[in-house]
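See below for the structure under consideration.
Protein chains: 2
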Amino acid sequence: MPNQPVPSLIEPFGVQFDLVEGAMRDSESRIARRASDMRGYYADDAALERLIAAEGDPVHYETFESPVPEQYGQVKFCISKLYPGLVGDECFMTKGHYHAVIQTGEVYLCLKGQGLMMMKTAEGRCSREPFAPGRLVYVPPYWAHRSVNTADEPLISLCLYPGDAGHNYGDIRTDGFPKRVFRRNGTIAVV
Amino acid sequence: MPNQPVPSLIEPFGVQFDLVEGAMRDSESRIARRASDMRGYYADDAALERLIAAEGDPVHYETFESPVPEQYGQVKFCISKLYPGLVGDECFMTKGHYHAVIQTGEVYLCLKGQGLMMMKTAEGRCSREPFAPGRLVYVPPYWAHRSVNTADEPLISLCLYPGDAGHNYGDIRTDGFPKRVFRRNGTIAVV
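Protein chains in written order, with our numbering: chain A, 1 to 191; chain B, 1001 to 1191.
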């Protein structure tokens, strides 16, 4: 087996979800990204600054985490909740990430909302998949991934990934993804 | 990183689930376990033989599989559907398994039905968690696990586990689990 620390022996547990509302009850920890954390990610920097100033730097997206150790062999899970809105005419999105262990994939089970998962590899491949309630998007190993909310309600997914995956923002801050998602005249445009 | 083959570079994909009915649409493969596959697992062998004879060896439980390679770094997922019924007065259950790579855990997200996840370690620890719609049961690394259906409808879960996990029936055929689950006079008894 791997040249890795062996996982801890922990006790089984259960967590109640509301699969209609997309909520994990009694989540022990929450990580919030505010609009100001997204500086440099959108096409229109000035529009983001106007949004930060006008709305008091609102929460852009948040994750509700599970108490699973970050170790090989464990299966981490969390709820990802991306709020709706536009920066200029670009749809709200997450920063996006590779996994630190790039050989690890991730499952996103969309519970609520509509959107797109934008994906790319470091070698320049590009793909996307729609999010809709009940739709599972499989992000294979090696693919960086970013969620985009194309609707008027939160986009909520249950995310599951190997415990040793980690996060790596890699070239995303500088290079972004090959395509951006805009809402123009009520229509979604992927450009 | 691990002394393991690196995972394949595959294309992202999506799968639609019905989270209310607990179904994976367009599943490419199905594995069925019939009553006759369960010989040796229940307390009352004769009652199982009567069930096989009377009902024509019905399907006991089945899994609907995803097209994810069985490799480190991938996240396998499937739907597990365990039918309701009794063998004598013992509730229908799965065989139960360890993972071949015992350092790997599993997530069960119950979508429909009621039941219990029975768990044990090879060193003699024992635990259980209830299944109910929307309840996620975390089976940590090292824990063998068996689903038991305590209600009158199918018990359906979405299961997710590391791609390198594999299955190992180990000591379960011979030793079973420390507790069995019965329905006696309309009440569930864990004995």
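Ideal Cβ placement from N, Cα and C applies to all residues, glycine included.
Excluding its 5 nearest sequence neighbours in each direction, A/D89 has C-beta neighbours in its own chain below 7 Å: F182, R183, R184, listed in chain order. Here DSSP, grouped into helix, strand and coil, assigns B/I1052 to helix.
Here B/R1025 carries a coil assignment [DSSP, helix/strand/coil]. Taking C-alpha positions only, A/G186 is separated from A/T150 by approximately 10 Å. Assignment of beta-bridge partners to A/L111 by DSSP yields no partner. B/A1151 carries a coil assignment under DSSP once its states are collapsed to helix, strand and coil. Closer than 9 Å to the CB of A/E106 there is at least one CB belonging to chain B. About 27 Å separates the CB atoms of B/Y1072 and B/R1033; that is not less than 8 Å, and the two are not in contact. Between B/T1174 and chain A, the shortest Cβ-Cβ separation is not below 9 Å. For B/D1018, the enclosing beta strand (DSSP E) starts and ends at 1013-1018. In the three-state reduction of the DSSP assignment, A/T187 falls in the strand class, which pools E and B.
Nearest Cα to A/P178 within the set A/P58, A/G85, A/M119: A/M119.
For B/R1034, the three-state secondary structure derived from DSSP is strand. Within chain B, no C-beta atom comes less than 8 Å from the C-beta of A/E153; the nearest is roughly 17 Å away. A direct Cα-Cα distance of roughly 14 Å separates A/R180 from A/R173. Taking the CA atoms as reference points, B/V1107 sits about 42 Å from A/R50.
Looking at the DSSP output, A/L86 shares a beta bridge with A/C91. Inclusion of B/L1158 and A/P140 in the CB contact set at 9 Å is not warranted, their separation being larger than that value.
Contact between B/H1145 and B/A1100 does not hold, since the beta-carbon distance rounds to 14 Å and is not under 8 Å.
Contact of A/R135 with chain B is assigned, a C-beta pair being separated by under 9 Å. Between the segment 10-19 of chain A and the segment 1132-1139 of chain B, the count of Cβ pairs shorter than 8 Å is three or higher; the stretches touch. Sequence-distant partners of A/E129 (beyond 5 residues in either direction) whose C-beta falls short of 6 Å from its own C-beta, in its chain, are M117, V137.
At a Cβ-Cβ threshold of 9 Å, A/G163 and A/E28 do not count as neighbours.
Look at B/I1010: its C-beta is under 9 Å from a C-beta on chain A.
For A/I79, the three-state secondary structure derived from DSSP is strand. Annotation: the continuous alpha helix (DSSP H) that includes B/R1173 extends over 1172-1175. Counting only the Cα atoms, B/I1052 lies some 42 Å from A/S66. Under DSSP, the beta-bridge partners assigned to B/P1130 are B/L1116.
The distance from the Cβ of A/P133 to that of A/L160 is about 17 Å, inconsistent with a contact at the 8 Å cut-off. Within the model, the alpha-carbon separation for B/V1059 versus B/T1121 is close to 28 Å.
Within the same chain, and ignoring the five residues on either side of B/V1075 in sequence, the residues whose Cβ sits closer than 8 Å to its Cβ are V1068, L1160, Y1161, P1162, G1163. Here A/A165 really is in contact with A/T104; their C-beta atoms are around 4 Å apart, less than 8 Å.
A direct Cα-to-Cα measurement between A/D175 and A/Y98 gives close to 13 Å. Residue contact check for A/Q114 against chain B: no CB pair falls below 9 Å. In terms of Cβ geometry, B/I1156 and B/G1096 do not form a close pair [threshold 9 Å]. Among the residues of chain B, those whose CB is under 8 Å from the CB of A/Y161 are V1075, following chain order.
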